[in-house]
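Shown next, in structure tokens, is the structure this report addresses.
Number of protein chains: 8
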Amino acid sequence: MQPIADLDFGRYQRRGYAEAVFTEGKTVDQCAEIARLWRLKSEGVGVAELGHVLFTRADRARAEAVLSQLPGAQYYPEAQLVAWPGAVPEPVGGRVVVACAGTSDLPVAREAALTARYLGRDVIELVDVGVANLDRILKHRRLLEEAAAVVVVAGMEGALASVVAGLVRAPVIGVPTSVGYGASFGGVAALLSMLNACAPGVSVVNIDNGYGAGHLAAQISAPARKEPTND
Amino acid sequence: MQPIADLDFGRYQRRGYAEAVFTEGKTVDQCAEIARLWRLKSEGVGVAELGHVLFTRADRARAEAVLSQLPGAQYYPEAQLVAWPGAVPEPVGGRVVVACAGTSDLPVAREAALTARYLGRDVIELVDVGVANLDRILKHRRLLEEAAAVVVVAGMEGALASVVAGLVRAPVIGVPTSVGYGASFGGVAALLSMLNACAPGVSVVNIDNGYGAGHLAAQISAPARKEPTND
Amino acid sequence: MQPIADLDFGRYQRRGYAEAVFTEGKTVDQCAEIARLWRLKSEGVGVAELGHVLFTRADRARAEAVLSQLPGAQYYPEAQLVAWPGAVPEPVGGRVVVACAGTSDLPVAREAALTARYLGRDVIELVDVGVANLDRILKHRRLLEEAAAVVVVAGMEGALASVVAGLVRAPVIGVPTSVGYGASFGGVAALLSMLNACAPGVSVVNIDNGYGAGHLAAQISAPARKEPTND
Amino acid sequence: MQPIADLDFGRYQRRGYAEAVFTEGKTVDQCAEIARLWRLKSEGVGVAELGHVLFTRADRARAEAVLSQLPGAQYYPEAQLVAWPGAVPEPVGGRVVVACAGTSDLPVAREAALTARYLGRDVIELVDVGVANLDRILKHRRLLEEAAAVVVVAGMEGALASVVAGLVRAPVIGVPTSVGYGASFGGVAALLSMLNACAPGVSVVNIDNGYGAGHLAAQISAPARKEPTND
Amino acid sequence: MQPIADLDFGRYQRRGYAEAVFTEGKTVDQCAEIARLWRLKSEGVGVAELGHVLFTRADRARAEAVLSQLPGAQYYPEAQLVAWPGAVPEPVGGRVVVACAGTSDLPVAREAALTARYLGRDVIELVDVGVANLDRILKHRRLLEEAAAVVVVAGMEGALASVVAGLVRAPVIGVPTSVGYGASFGGVAALLSMLNACAPGVSVVNIDNGYGAGHLAAQISAPARKEPTND
Amino acid sequence: MQPIADLDFGRYQRRGYAEAVFTEGKTVDQCAEIARLWRLKSEGVGVAELGHVLFTRADRARAEAVLSQLPGAQYYPEAQLVAWPGAVPEPVGGRVVVACAGTSDLPVAREAALTARYLGRDVIELVDVGVANLDRILKHRRLLEEAAAVVVVAGMEGALASVVAGLVRAPVIGVPTSVGYGASFGGVAALLSMLNACAPGVSVVNIDNGYGAGHLAAQISAPARKEPTND
Amino acid sequence: MQPIADLDFGRYQRRGYAEAVFTEGKTVDQCAEIARLWRLKSEGVGVAELGHVLFTRADRARAEAVLSQLPGAQYYPEAQLVAWPGAVPEPVGGRVVVACAGTSDLPVAREAALTARYLGRDVIELVDVGVANLDRILKHRRLLEEAAAVVVVAGMEGALASVVAGLVRAPVIGVPTSVGYGASFGGVAALLSMLNACAPGVSVVNIDNGYGAGHLAAQISAPARKEPTND
Amino acid sequence: MQPIADLDFGRYQRRGYAEAVFTEGKTVDQCAEIARLWRLKSEGVGVAELGHVLFTRADRARAEAVLSQLPGAQYYPEAQLVAWPGAVPEPVGGRVVVACAGTSDLPVAREAALTARYLGRDVIELVDVGVANLDRILKHRRLLEEAAAVVVVAGMEGALASVVAGLVRAPVIGVPTSVGYGASFGGVAALLSMLNACAPGVSVVNIDNGYGAGHLAAQISAPARKEPTND
């Protein structure tokens with residue numbers, strides 16, 4: 001096999017969070033090869049040097065290819081996520097709240113929550129709290145107020161991001177989802193809605209990008225940010 | 001002058017609401033000519049036969065052209081609306097509530113409210129009740145619950161439509177506005193948001209179409225709908 | 001199973017119409033679970049407290065999952081709708097007319113008609129009355145004039161909404177459909193057409209959203225709107 | 001002045017209709033230079049060899065630049081058209097009907113009508129016959145049925161094209177106009193509507209392209225098409 | 001079966017060309033039912049009263065459903081067209097040329113050519129004459145010059161329409177196709193290209209709409225247009 | 001004057017950061033009125049209760065209207081920002097770095113930096129560090145590594161966000177700007193680029209939304225986030 | 001079989017590079033027929049007269065159809081390319097570097113590299129050198145500086161094109177790929193990014209168009225460009 | 001004045017072509033400041049070290065600001081370009097042909113031609129050679145065949161790029177222009193047309209980006225490309 005990847009093994013040391021592999025456009029063989037390269041490296045430098053590697057958007061075939069090379073990895077089918085090492089680390093830093101507007105948004109929300117957990121955070125998930133009935137989100141108000149970072153996962157019109165941002169001190173990361181039909185245009189309606197949130201404190205990641213949101217939430221709520229010095 | 005218009009004088013008899021003239025793409029002379037034709041007709045058949053004619057999107061020059069032919073017309077600069085006859089009719093039917101998300105949305109909201117009033121309804125306006133602070137809309141909850149029709153005017157992410165629809169029995173007419181910048185795309189973000197409202201009971205009119213929303217609200221809250229008979 | 005939904009059981013009391021479940025993005029298991037939660041609740045508070053629940057966009061597998069938990073529910077394959085309880089209520093209020101431009105628009109039209117019927121209205125359906133031959137719609141003119149609300153379902157260029165609105169007193173709810181090809185862009189052409197209708201009195205719901213249109217038609221034609229009081 | 005144009009003097013002989021000059025993106029000096037080149041050529045080969053040249057989208061400054069070089073040219077400010085020679089030729093061939101949906105569409109309709117007249121056709125114009133009141137177009141039904149080509153000029157939702165095509169034997173050329181606001185997107189809504197016309201027999205030119213529509217109508221209704229021979 | 005269609009049996013008398021049935025969004029049963037209704041009508045009034053009915057976009061299953069009700073119909077799989085009666089009529093009027101840019105555009109070109117033939121015209125097809133090598137189209141120059149109407153079928157950048165229009169007297173009907181990938185956006189690139197053709201004399205139909213183009217070509221090249229009379 | 005606004009005076013207490021007023025769509029009189037309401041409130045409850053109010057997108061006329069009601073406010077013309085009280089607070093929390101790709105992006109970058117400063121952070125600005133020459137950003141590598149939050153302001157292709165995110169531990173907030181022309185589509189190219197950043201850790205705000213980015217950066221780098229407790 | 005193609009056999013003599021056949025929209029039979037026509041021609045005029053023909057986007061079925069008519073052709077499944085004759089020619093001219101941002105972009109990169117090789121160039125491929133870690137591309141800096149042409153293949157945000165162009169003397173051909181999801185819109189984000197590259201020296205081909213990029217790279221790095229003479 | 005720019009003085013040494021300053025989004029003062037910085041640097045290291053700096057999109061005010069700091073610079077108003085030093089260098093390398101479809105495209109074509117000249121190439125300009133009359137471009141066939149690089153500048157449907165590419169050996173750089181109206185969408189139609197060119201050998205730069213095209217043409221036709229060595 002010709003070389004197919006040049007993995008960023010140094011990312012954990014450089015940035016604090018390890019490489020993740022987006023498996024969707026890759027063949028099953030390529031996924032296995034990448035997992036193999038990771039295992040070889042970890043055998044050389046040790047797991048602690050590399051951090052938790054995540055394989056995202058992994059259907060069962062791709063997940064099994066990864067697991068064949070990284071025994072002990074954990075596969076979460078609903079979130080289409082493989083994590084290695086499989087054990088969730090002990091949480092440090094602030095708490096992340098992941099609020100999910102509807103049942104159909106759950107796969108993306110779970111991807112966000114699991115990512116933040118594997119990157120070292122405590123996470124609470126709120127399910128089916130969309131604005132069609134405000135009581136569903138307002139009853140969690142105190143929890144939201146205490147969060148260090150809030151991830152809002154919503155499709156359709158994505159109004160939940162604005163509503164939550166109006167309630168909290170913490171930054172809100174909006175994840176528009178492709179849930180919807182017709183003029184939702186595969187998540188564009190929710191994306192535009194979140195980009196135009198009337199309440200400040202909302203930033204947005206790509207449609208269905210639960211991984212990116214979980215990563216950001218982990219960064220935002222990280223402990224022990226050292227003070228900057230002069231350049 | 002060659003003929004420039006074939007006015008729908010029969011609309012009030014046929015549909016219950018008179019013709020309206022969208023002045024934006026018309027020259028000042030064309031506006032004056034249309035007003036003249038209306039006056040001539042009304043001198044022939046009588047005002048009661050024709051209903052209240054509205055001239056929408058009328059800047060001062062166009063408004064004055066209309067007023068020169070229809071003395072006694074009323075001009076509302078903020079809403080860019082001319083109504084003739086100028087007197088607001090006595091309201092009948094259910095009450096219309098026009099809820100406006102932000103100060104910048106006021107011109108469109110006023111156009112909606114004035115249209116519904118000239119078409120015969122009682123109207124209450126709620127100003128600056130956007131979702132960045134939910135208390136602003138929730139304190140009007142009883143008023144909203146009792147409305148026969150609710151018009152929600154909002155730009156940016158347009159989330160107010162979903163939130164209001166979740167609270168009320170009456171139909172909600174969403175009017176996306178071009179208020180915003182960047183990825184609001186001149187009102188497209190709010191339009192898509194309202195079309196994808198997660199709460200049923202929202203329908204949408206064109207961006208900035210306060211006139212259309214007021215017209216619909218008047219139709220929805222009209223009194224004395226006669227029972228249908230068999231065909 | 002972790003919690004997957006927080007159903008809005010209070011919607012019938014709060015808004016007058018029960019919750020509906022959009023099944024398209026949900027797994028078969030999630031549909032069954034939601035149906036089970038609904039049945040449990042209804043066993044607690046009684047069916048009359050909750051109203052008719054609808055499951056929309058239900059293919060056969062999802063429909064059977066719902067029926068397994070809610071025996072006595074009625075499934076309409078053409079409209080992809082499950083209703084529970086299955087019996088259509090006795091109609092009250094004004095009559096709804098659902099006008100369908102072409103044969104291919106029928107599934108959406110049937111969804112609209114059934115929704116309005118389960119929400120308590122008398123509904124008449126007009127089939128294949130597109131504007132390529134005006135006689136087809138004009139022969140129903142009297143029926144249209146007497147309607148309390150008109151739903152127009154059309155794909156392609158969606159011109160029927162403007163034409164019907166020019167004929168009637170009642171509000172017209174336009175439902176653009178994804179029927180068409182090429183530059184119909186999955187219903188966008190019809191959507192834009194209806195949003196720009198030259199005749200006032202048209203509002204629009206999402207592409208293919210028969211449920212939303214039927215819901216709105218039921219609201220608009222509802223009986224016994226109580227008079228508003230002062231705030 | 002460096003050379004700025006390479007005019008297609010042979011087009012009248014080759015295609016039967018002369019060159020036209022789109023002035024909008026050209027400077028006043030360039031317009032004058034092009035007119036001068038035309039005059040020089042006509043002095044050489046004679047006017048009859050070249051046909052009627054049209055300068056389209058000419059505001060007053062550009063029109064005067066052309067007139068300074070081509071005395072005897074005729075300027076039509078409403079249609080922003082300059083024609084030279086200025087005299088309209090005697091009509092031959094079938095009759096063209098130009099139907100204009102609203103007063104604001106008149107400039108485009110006049111450009112179409114004048115183009116067809118200068119290319120040698122008899123033209124009848126119908127003004128303000130949009131579908132908000134079907135009687136306005138239906139009262140011209142016989143005229144439409146006898147046309148050799150029909151140009152339909154409409155903005156907003158552009159439904160007139162479908163309605164007219166359903167009535168006539170002749171080809172319909174749809175000209176979407178930029179009349180409208182919000183979700184008309186500068187004429188895109190009308191363009192898409194006409195491209196998706198449910199009645200066959202409609203083809204479409206660019207938004208606001210009255211010139212192109214008039215040209216096509218003249219071609220379609222031309223007399224004396226000679227029979228094809230074998231290749 | 002509830003009524004599913006209201007066929008336009010009078011179109012041949014009214015417009016000169018019969019109804020066509022777009023089968024793509026219809027079920028196999030609906031196609032059969034429509035064919036049955038047509039046969040019943042033809043048994044009543046006679047085939048000559050109705051003209052040739054076409055069923056477009058018919059895959060094999062839909063085609064067989066039609067053929068089961070209309071024996072003697074002719075099916076053209078490449079063009080996905082069923083015609084009934086199956087015999088092509090004797091051509092009258094001017095000749096139509098259908099020019100096809102590439103091999104992949106053939107299905108659309110064949111649909112256009114067959115439609116024009118069944119509507120009574122003589123048709124010549126030019127295959128694979130795209131502009132990447134101008135000699136391929138220029139060698140047919142005389143044939144093009146003699147055509148009464150030219151249909152240009154092209155995907156990708158659609159430049160052939162402009163090039164052909166620059167050569168001929170006859171109107172050019174551009175049919176953008178969905179052939180291409182990436183930034184062709186399913187035919188949008190070719191559509192926009194043809195709408196912006198720098199040579200006058202091009203009008204455009206919907207992407208892949210071979211039927212519409214063939215219909216228009218037949219109208220344009222029809223014999224015996226009677227002279228208009230005064231209104 | 002009718003009521004035009006319902007200011008969110010409680011936001012500083014509720015969320016930790018005061019209300020901001022987007023002045024762009026408001027009249028000069030409305031800006032003055034809102035400033036007057038703020039002053040009145042501050043006279044009642046005291047400035048410390050309300051926090052620093054910002055007026056964004058303020059041209060000179062709007063700024064002067066605000067300053068007339070809030071003497072002592074500070075106006076920054078380049079950033080089109082008015083702050084009141086005018087004195088910048090003593091910074092607390094982590095340091096924010098604002099990296100600006102080109103000179104034309106400076107107004108947005110300054111708005112972001114000033115917002116973060118008024119919300120209490122230490123800010124360092126990097127100017128003209130776009131990727132056309134990587135050395136310009138790489139020479140600030142240590143500064144970037146020590147930041148608590150990084151704001152990247154870039155138009156055109158917006159590549160700087162990905163490049164910076166690959167270097168740092170802190171979250172990156174991308175602000176696409178409308179700098180560019182043609183296929184930048186007013187900032188859409190940069191927006192899409194940032195939403196698709198191949199390096200995790202980038203979230204995005206609306207085009208040209210320097211205020212929103214500064215607000216988020218201040219939230220992310222805030223001191224003393226209290227630990228969440230159980231709900 | 002009716003004629004289905006008019007192959008451009010003269011292209012190699014006219015332009016220096018042979019015809020290529022885009023197989024994606026063609027049937028298996030059409031692919032075989034085109035291959036047969038090519039073989040027949042080559043038997044007549046000799047292979048050297050025609051150059052290497054390429055069949056692009058060939059899945060296995062289409063490839064086998066070609067191979068059945070052109071024995072000795074070479075099929076590259078990853079790149080979906082068939083070349084005939086199968087032997088790669090001896091390279092002449094400057095060297096081409098193909099830089100590929102991620103593993104998922106490999107099929108497009110391989111298509112570009114193989115095309116340039118069959119058109120006579122030496123090619124070096126760089127794999128997985130995206131900007132999330134700049135070291136991956138910077139370590140190849142000398143190689144890039146010496147290239148005669150650089151092809152950059154990247155999906156997602158496509159930032160690699162700008163970064164590479166900032167480093168090199170040679171022209172950069174950007175190939176946006178459809179790798180990504182959500183707001184990558186099938187490669188549009190990368191396409192816009194590359195079109196707006198802040199570093200001059202980047203031009204762009206269609207999304208996923210590896211063939212076109214390889215062709216251009218071969219043209220740019222061709223040897224022996226003869227000096228122009230006066231016209 | 002705070003620092004506003006970090007100029008890339010090393011670009012001429014690194015890439016062979018100097019920095020260019022896009023002035024459009026910059027203030028007059030910023031343009032002057034940048035020119036001043038350039039002059040200071042050139043006084044330090046000498047002009048020969050820096051190459052010709054270009055200021056693009058410079059209206060008269062910005063041009064004068066530059067000229068005030070860089071006396072001896074040359075301003076070309078039609079192309080909105082300032083070059084310093086003002087003298088055009090002696091051409092080396094292959095010849096560049098710039099072909100311009102219409103008179104309105106001249107400013108962009110002139111920008112491309114001047115850029116290539118200041119970067120050291122011989123340039124020939126062809127004016128008004130659009131495809132509406134093929135003879136205009138075909139009469140320059142030999143000139144095109146001998147070019148080392150061809151720049152095609154075209155608005156509207158941009159078909160000229162495909163036609164030219166079919167004729168020549170050299171790479172074609174397409175520059176779509178914003179010339180057109182309606183569905184040209186500010187140059188998008190031409191952009192898409194060129195991206196989908198059916199003839200290989202076309203790559204595309206941003207709409208109206210004459211500078212970028214001239215830069216690429218100079219790179220492609222540069223003399224003395226040194227042979228690559230092994231890495």
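Chains as they are written, first to last, in full-length UniProt numbering: chain A, 1 to 231; chain B, 1 to 231; chain C, 1 to 231; chain D, 1 to 231; chain E, 1 to 231; chain F, 1 to 231; chain G, 1 to 231; chain H, 1 to 231.
Glycine residues also receive a C-beta, built at the ideal position from the N, C-alpha and C atoms.
Unbroken alpha helix (DSSP H) run spanning B/Val21, endpoints: Careful: B/Val21 lies outside any alpha helix (DSSP H), inside the beta strand (DSSP E) at Ala20 to Phe22.
Where C/Leu40 falls, given that 16 or more other Cβ within 10 Å makes a residue buried: exposed
Three-state secondary structure assigned by DSSP to D/Ile124: strand
Spatial neighbours of E/Ala109 in its chain, beta-carbon cut-off 6 Å, leaving aside the 5 residues before and after: Val98, Cys100 and Val153
Contacting residues, own chain, Cβ-Cβ under 8 Å from A/Val88 (five flanking each side not counted): Arg117 and Tyr118
Proximal residues, the UniProt domain "PurE" (94–226) of chain H versus chain D, C-beta separation under 7 Å: Thr103, Ser104, Leu106, Val127, Asp128, Val129, Ala132, Asn133, Arg136, Val179, Tyr181, Gly182 and Ala183
Whole-Å CB distance - F/Val66 paired with F/Val45, under 8 Å assumed: With 8 Å as the limit, F/Val66 and F/Val45 do not qualify as a contact, their Cβ atoms being about 20 Å apart.
Contact with chain H by D/Arg62, beta-carbon distance below 9 Å: no
Residue range of the alpha helix (DSSP H) that includes B/Cys31: Val28 to Val45
Beta-carbon proximity of A/Pro85 to A/Val123, cut-off 9 Å: no
Close-in-space but distant-in-sequence residues of the same chain around B/Leu191 (CB under 7 Å, 5 per side omitted): Pro176, Val204 and Ile207
Environment of B/Gly102 [buried if 16+ CB atoms lie within 10 Å]: It counts as buried.
Nearest residue (CA-CA) to E/Gln74, options E/Val92, E/Leu160 and E/Thr115: E/Thr115
Candidates B/Glu64, B/Ser178 and B/Arg121, of which the one nearest B/Asp29 by Cα: B/Asp29 has its Cα closest to that of B/Glu64, out of B/Glu64, B/Ser178 and B/Arg121.
CB contact check: C/Arg39 to chain B, cutoff 9 Å: Closer than 9 Å: no.
Residues near E/Leu50 in its chain [Cβ-Cβ closer than 7 Å; skip 5 each side]: Phe9, Tyr12, Ala18, Lys41 and Ser42.
C-beta contact flag for F/Leu37 and G/Val163 at 9 Å: no
Residue of A/Leu195, A/Tyr181 and A/Arg57 minimising C-alpha distance to A/Ala112: A/Arg57
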